Structures are given as C-alpha cells and as structure tokens.
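For reference, the structure is listed below as structure tokens.
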Amino acid sequence: MPRPRTTETADRIRAAALELIASKGVHQVSLREIADRVGITKPALYYHFASREDLVRSLVQPLIDDVEAALAPFTAGADPRALLGAYFDVMYRHRDITATILRDPSILALVDLATAVGDWRRRMVILLAGPEPTLPQAARVQMAIGGLGDCTVVMPDAPAADLREAVLDAACDLLSFR
C-alpha cells in the first residue's frame, strides 16, 4: 500500500482535529487523541504541526485567507449586495470551523482570531457605511455581518442558494440597501 503524501496526512490530521474539537472543545482534546484517530504516532503529528496552536491555526487560516481575499477587491462605495454576497460565500464555505468557534470561543484567543474578525468588521463598516458612520449605521452593518455569518451555521439544512438569497435580502433590508 502506498504511503500517504505529507499533505494528505496533514489534511487527515486537520479533519480529525476539527471533528474532535467540534465535539469536545479545543482544550479537552489531546494531540495523542488526534494522532490515534488518524492512525499515526504523536511524533508523526508533531512532524506536521509543532503545537496545538499550530494545528488550530491551520484550521482557521483558510477562513482568514479567504475573507481577506474576498474583501480585497472592494473599495468604498462598493455594491453592498456584492460585498455581502462575497462574505456569505466565504462564511458558508467555512461554516464547520465557524460552528466550532461558536461552540468553543476559546479558539478565538488561542490563535488571535478575534483581531482578524475585528479588522474585517471595521473594514466592512467603512465599505458599507463610509469612513465616519453614525452609530445607527455602524450598528446595522455589524448586525448584518453577524447575522449573515450566524445563518450559515444555524440553518445547516437550508439549500445553499436559497439561504444565500434569503440572507442577502435580509442583510440588505437591514442596511436599507437593495
């Protein structure tokens, strides 16, 4: 039987880690347990990930990279529905990690994800409401962004296209954009 490629092993480690962390919490899962689930030794796990933080960061980094890439093309005055749609697509694609973070918010601090999320939200407020939004404008944008992300997690059985349309309609209504 051919030996799995290194990236395949790392992917298997990430999948097992996400499943275990989602069910138990990041601090209740040992690296030994993850290694056992994958069928490798703990030293083999350390070959791929230097620490628990490194492993958790590898779970979260694709979300961070995708949000950054989704927001990059937008500038002030961008089409709100297009911006929110790009953000929805990323959040929907990464809803498993988002759901895990909602169940175990300590992940935010473990990999300093809160800083990235805060930055995205500030940028989106500026993109959607301008550089000096009023308090009501900023609140509406924050509610639209948060609600959009939440819907990708709390409505897992909704068909993706239908959910996207409903969420974007609701977010745009909240922002008074359409």
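Sequential numbering from 2 applies to the sequence shown in our numbering.
Where is the CB? At the ideal position from N, CA and C, for every residue including glycine.
Just so you know, these numbers come straight off a predicted model, no measurement behind them.
So, for residue i: in the same chain, excluding its five sequence neighbours on each side, which residues have a beta-carbon less than 6 Å away from its beta-carbon?
| i | result |
| --- | --- |
| ARG96 | THR153 and VAL154 |
| PRO137 | none |
Could you spell out where the alpha helix (DSSP H) holding residue i opens and where it closes?
| i | result |
| --- | --- |
| MET125 | 114 to 130 |
| ASP66 | 53 to 72 |
| PHE89 | 81 to 94 |
| ILE108 | 107 to 111 |
Whose C-beta lies closer than 8 Å to the C-beta of residue i among residues of the same chain, with five residues either side of it excluded?
| i | result |
| --- | --- |
| ALA77 | ILE127, LEU128, GLY131 and PRO132 |
| ALA18 | VAL30, ILE35, LEU56, VAL57 and LEU60 |
| ALA45 | THR10 and ALA36 |
| PHE75 | ALA83, LEU84, ALA87 and LEU128 |
| THR42 | ALA36 |
Would you please verify whether the beta carbon of residue i is less than 8 Å from any beta carbon of chain B?
| i | result |
| --- | --- |
| ILE41 | In the structure shown, chain B cannot be found, because there is only a single protein chain. |
Counting only the same chain and skipping the five closest in sequence on each side, list residues whose C-beta sits under 7 Å from that of residue i.
| i | result |
| --- | --- |
| LEU176 | PRO81, LEU129, ARG141, VAL142 and ALA145 |
| VAL168 | PHE89, LEU149 and CYS152 |
| LEU164 | CYS152 and MET156 |
Can you tell me the Cβ-Cβ gap for residue i and residue j, rounded? I've got them flagged as a contact below 8 Å.
| i | j | result |
| --- | --- | --- |
| ALA23 | ARG104 | 7 Å |
| THR101 | ILE108 | 7 Å |
| ARG124 | LEU72 | 6 Å |
| said: Under 8 Å, with one C-beta from each stretch per pair, do the region 148 to 155 and the region 76 to 94 reach the 3-pair mark? | reply: As far as the Cβ criterion goes, the region 148 to 155 touches the region 76 to 94, which means the pair count is three or higher.
| Is the region 45 to 54 in contact with the region 64 to 73, if contact means three or more CB pairs nearer than 8 Å? | No contact exists between the region 45 to 54 and the region 64 to 73.
| Contiguous alpha helix (DSSP H) assignments of at least 4 residues, all confined to the region 139 to 179 | Assignment of alpha helix (DSSP H) within the region 139 to 179, counting only whole runs of 4 or more residues, yields 161 to 176 in chain order.
| message | Using a Cβ distance threshold of 8 Å, determine whether the region 30 to 47 contacts the region 99 to 115, with at least three qualifying pairs required. | response | With a cut-off of 8 Å on Cβ pairs, the region 30 to 47 is not in contact with the region 99 to 115, counting fewer than three such pairs.
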